[in-house]
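Colleague: In the numbering used here, the protein residues as written are 4 to 132.
(1) Once the 5 residues before and after residue 125 are set aside, which same chain residues still bring their CB inside 7 Å of it?
(2) On a Cα-Cα basis, can you pick out the residue from 105, 114, 122 and 127 that is closest to residue 34?
(3) Tell me whether residue 22 is buried or exposed, calling it buried when 16 or more other Cβ atoms sit within 10 Å of its Cβ.
(4) Quick check on DSSP: helix, strand or coil for residue 91?
(5) Considering residue 75, what are the terminal residues of the beta strand (DSSP E) in which it resides?
(6) Who are residue 62's beta bridge partners in DSSP?
(7) Could you check where the alpha helix (DSSP H) with residue 114 kicks off and where it finishes?
(8) In angstroms with no decimal places, state the Cα-to-Cα distance between residue 70 and residue 84.
(9) Under 8 Å, with one C-beta from each stretch per pair, do the region 104-118 and the region 27-41 reach the 3-pair mark?
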């Protein structure tokens with residue numbers, strides 16, 4: 004039998020791992036659903052999340068990505084992390100950004116969701132027709 008020894012200078016605290024772990028579908032759903040007063044609505048064939056009548060995120064379960072409404076300036080900053088990339092069409096020019104759930108760290112994902120959410124909160128509410 005082999006003796007297992009730790010190469011870490013201190014005992015491993017697995018609770019710290021949550022900030023470095025990638026995001027699974029269930030976690031993404033929980034994070035999106037937990038935003039205050041956010042409403043989940045169908046958007047074509049995907050769930051979308053709205054606040055003040057405006058979409059701040061869509062959730063593509065099949066491809067394991069979330070699309071966020073960032074500003075173009077925020078998009079440039081977030082895309083320095085390769086788990087973020089502009090939507091590859093005209094929407095990307097306006098700041099819409101895909102987040103690859105297979106690659107994004109949970110802490111970066113939560114921060115980006117909060118940024119997209121706060122962008123909509125800062126706008127004037129959508130007028131009712």
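The beta carbon of each residue, even a glycine, is placed where N, CA and C say it ideally should be. Since we're looking at a predicted model, the values are computed, not measured.
Modeller: If we stick to the structure as given:
(1) Position 122 of the chain shown, counting from 1, holds the residue named residue 125. Counting only Cβ-Cβ distances below 7 Å, and skipping sequence neighbours, we find nothing.
(2) On the chain shown, residue 34 is found 31 positions in, with the first residue counted as 1. Comparing Cα-Cα distances from residue 34 to each of 105, 114, 122 and 127, the minimum goes to 114.
(3) The residue you call residue 22 lines up with position 19 of the chain shown. Bear in mind that the predicted position of residue 22 carries a pLDDT of just 49, short of 50, making it too unreliable to give a figure here.
(4) Position 88 of the chain shown holds residue 91. Note: residue 91 maps to coil in three-state DSSP.
(5) Locating residue 75 in the chain shown gives position 72, where the first residue counts as 1. Element bounds for residue 75: not the beta strand (DSSP E) but the alpha helix (DSSP H), 75-81.
(6) Counting from one through the chain shown, the residue named residue 62 turns up at place 59. Per DSSP, 69.
(7) Translated into positions along the chain shown, residue 114 becomes position 111. Run containing residue 114: 109-125, per the alpha helix (DSSP H) assignment.
(8) Locating residue 70 in the chain shown gives position 67, counting from the first residue. Locating residue 84 in the chain shown gives position 81, counting from the first residue. About 15 Å.
(9) yes
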